[in-house]
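Line by line, the protein sequences give chains A and B.
In case it helps, the working numbering puts the first sequence at residues 5 to 312.
In case it helps, the working numbering puts the second sequence at residues 6 to 145.
We put the beta carbon where it would ideally sit given N, CA and C, even for glycine.
Here's the structure, in structure tokens; my notes come after.
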Amino acid sequence: MRSLIDILDLTPAEIGDLLDTADDIIARPDAYAHLCDRKKLATLFFEPSTRTRLSFEAAMYELGGQVLGFSEASSSSASKGESVSDTVQVVSCYADIIAMRHPKEGAPMVASMKASVPIINAGDGGHNHPTQTLADLCTIRRQMGRLDNLTVGFCGDLKFGRTVHSLISALSRHTGIKFVLISPDELRIPTYIRDDVLAHSDATYVETDSLEAAMPELDILYMTRVQRERFFNEADYIRLKDSYILTPDKLATAKPEMAILHPLPRVNEIAVAVDNDPRACYFKQVLNGKYMRMALILMLLGIERPAK
Amino acid sequence: MIIDEIHNGIVIDHIRAGGAMELYRILGLEELSCSVAIIKNATSSKMGKKDIIKIDEVIDLDLDVLGYVDPGITVNIIREGERVQKFKPTLPERVTNVIKCKNPRCITTTEQELDHIFKLTDRENRVYRCIYCDSPAKRK
Ligand SMILES: [Zn+2]
């Protein structure tokens, strides 16, 4: 029985297969509408994350399945002190698959060691969020037609951004990848990503603090939130925050086919005026996230793609 | 300094100087009823100074723990006053309940009954990471 805890639990070939399934779902959704009839997904959200939970629920409903669960710890037995292990063993009796979000790092891993049904990590603190990475990869492949030979810019908070770390890990397994890491000095990529991931891959990378300078060479621009609380003082935050805001002006030098991604929610790091630019893909990314969750649910339940 | 030679037992040699007490604790040697000698700061031709532990009985040693704590160690098994076996522990793939995860955000901090398990992720640099949260084990 498989679970998905970390994006690297999936081989590039398996991810390719999920991407093919997502493409097929988009092409002929009716063929998938009853594949999960009478199956149940439990969404165990020990901390609230409405958009992720809705994405999982929509995914299961579109497969014909049903959903049960809770959306915050206070409405679960966790508030009475029940352990993650016990909770998932109980829920395994009711559901065929579990999507779990938890504020503590490693909680879904603990769940996968005890549950008798597949566990999907729907985010564990600042650690992993593999279905976000699947949404990112789907968007990149659908926009660019490939996952190799790409120059991928990451902009903003590269230090704490777990979605950035996971996407770097996943993409660095492909050939011809160049990362352009755009951030203020305070929010550069952590050393362990440099030492453990980038040093062991064929991918190349450059670090810069200028979004404008990097723009012309990018195939993908992945924007992230620069949060006020990441800075030691307000002055630094004020000084830096505007440098990492994407505006129509800054896009003037970008390639016409570049794709702009963002894990959402955004605050002000992408000006609303950019939304109308054909390169803006962050709402498509949300939709792709649902298709990838559908593909993943099918894979973990061992349900084959329907014959054409 | 002279410590009685042991007849049947184990000599853990070439422990990095100052490391014997930690090893004594981690191996749970205080629970043994046989005599155990800890020799600190013995002179070593190779290491300058080293620690040695002598256990006056052949017990089951957790070699994974030895390999994790100090891969430079040599283990000698003594029977009938003769050294019958000598080996160096290797780096274990995983260690259970030897080190605790120090990451305050790790699930092991709230769920006390969980085993603390670390896996070897970089043999060259002897890096172990928590299987739950991926935090590296901190060495003293
Ligand atoms: Zn941990």
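Kindly examine ligand 1 and report whether one of its heavy atoms sits closer than 7 Å to the Cβ of residue i.
i         : result
A:Thr-155 : no
B:Asn-108 : yes
B:Tyr-133 : no
A:Gly-293 : no
A:Tyr-196 : no
B:Thr-113 : yes
A:Ser-59  : no
A:Gly-20  : no
A:Cys-159 : no
B:Cys-138 : yes
A:Gly-110 : yes
Suppose contacts are defined by Cβ-Cβ distances below 8 Å. Is residue i in contact with residue j by that definition?
i         : j         : result
B:Ile-64  : B:Leu-28  : no
A:Leu-138 : A:Leu-151 : no
A:Glu-109 : B:Cys-138 : yes
A:Ser-170 : A:Val-201 : no
A:Pro-220 : A:Ala-258 : yes
A:Ile-264 : A:Ala-277 : no
A:Val-95  : A:Ala-46  : yes
B:Phe-123 : B:Cys-111 : no
A:Ile-197 : A:Leu-154 : no
A:Ala-99  : A:Leu-72  : yes
A:Leu-222 : A:Met-262 : yes
B:Phe-92  : B:Val-100 : no
A:Asp-199 : A:Thr-179 : no
B:Met-72  : B:Leu-34  : Met is not the amino acid found at residue 72 of chain B; the sequence shown has Gly there. No, the Cβ-Cβ distance between B:Gly-72 and B:Leu-34 is not below 8 Å.
B:Val-16  : B:Lys-59  : yes
A:Ala-299 : A:Ala-26  : yes
A:Pro-252 : A:Ala-275 : yes
A:Thr-56  : A:Gly-129 : no
CB-CB under 6 Å to residue i, same chain, minus the five flanking residues each way: which ones, in chain order?
i         : result
A:Cys-40  : Leu-67, Gly-68 and Gly-69
A:Ile-249 : Glu-273
B:Ile-83  : Ile-11 and Gly-14
A:Phe-60  : Thr-47, Ala-103 and Arg-297
B:Met-6   : Caution applies to B:Met-6, whose pLDDT of 49 falls short of 50 and renders its modelled position unreliable; the value that the coordinates give is listed next. Contacts found: none.
B:Ala-142 : Ile-104, Phe-123 and Tyr-133
B:Asp-56  : Ile-20, Ala-22, Gly-24, Ala-25 and Lys-45
A:Ala-203 : none
Counting only the same chain and skipping the five closest in sequence on each side, list residues whose C-beta sits under 8 Å from that of residue i.
i         : result
A:Glu-192 : What sits at residue 192 of chain A in the sequence shown is Arg, not Glu. Leu-162, Lys-163, Leu-185 and Glu-211, listed in sequence order.
B:Val-74  : Gly-24, Glu-27, Leu-28, Ile-31 and Val-103
A:Asp-189 : Asp-213
Starting from residue i and walking both ways along the alpha helix (DSSP H), at which residues does that stretch end?
i         : result
A:Gln-289 : 286-304
A:Gln-93  : 88-95
A:Thr-15  : Run containing A:Thr-15: none; DSSP gives neither H nor E here.
A:Lys-245 : 238-245
A:Met-148 : 134-148
B:Val-70  : 68-74
Which same chain residues end up closer than 7 Å to residue i when comparing Cβ atoms and leaving out the 5 residues on each side of it in sequence?
i         : result
A:Lys-118 : Ser-89, Val-92 and Gln-93
B:Leu-68  : Pro-94
A:Ala-218 : Gly-157, Val-184, Ile-186 and Thr-212
A:Ala-62  : Lys-294
A:Leu-23  : Leu-141, Cys-142 and Arg-145
A:Ser-116 : Ser-7, Ile-9 and Ile-123
A:Arg-232 : Tyr-241
In terms of alpha-carbon separation, which member of the options lies closest to residue i?
i         : options                                       : result
B:Gln-117 : A:Arg-32, A:Ala-277, A:Ser-87 and A:Gly-306   : A:Ser-87
A:His-131 : B:Asn-130, B:Lys-45, B:Arg-88 and B:Asn-108   : B:Asn-108
B:Gly-53  : B:Ser-40, B:Ala-22 and B:Cys-39               : B:Ala-22
A:Phe-49  : A:Glu-238, A:Ser-75, A:His-178 and A:Arg-55   : A:Ser-75
A:Pro-267 : A:Ile-144, A:Ala-35, A:Ile-101 and A:Arg-32   : A:Ile-144
A:Thr-167 : A:Leu-244, A:Ala-207, A:Thr-135 and A:Pro-107 : A:Thr-135
A:Gln-147 : A:Pro-33, A:Ile-29, A:Leu-225 and A:Gly-85    : A:Leu-225
A:Met-303 : A:Asn-237, A:Val-121 and A:Gln-289            : A:Val-121
Under DSSP, the beta strand (DSSP E) around residue i begins and ends at which residues?
i         : result
A:Ala-111 : That residue, A:Ala-111, is in no beta strand (DSSP E); its alpha helix (DSSP H) goes 111-118.
A:His-106 : 101-106
A:Ser-173 : A:Ser-173 -> not in any beta strand (DSSP E); alpha helix (DSSP H) instead, spanning 166-175.
B:Glu-87  : 87-92
A:Glu-211 : 208-212
B:Thr-79  : 79-84
A:Ala-126 : 123-128
* Positions along the stretch 108-128 of chain A whose CB lies within less than 7 Å of some CB in chain E -> Within the model displayed, chain E is absent; protein chains A and B are what it includes.
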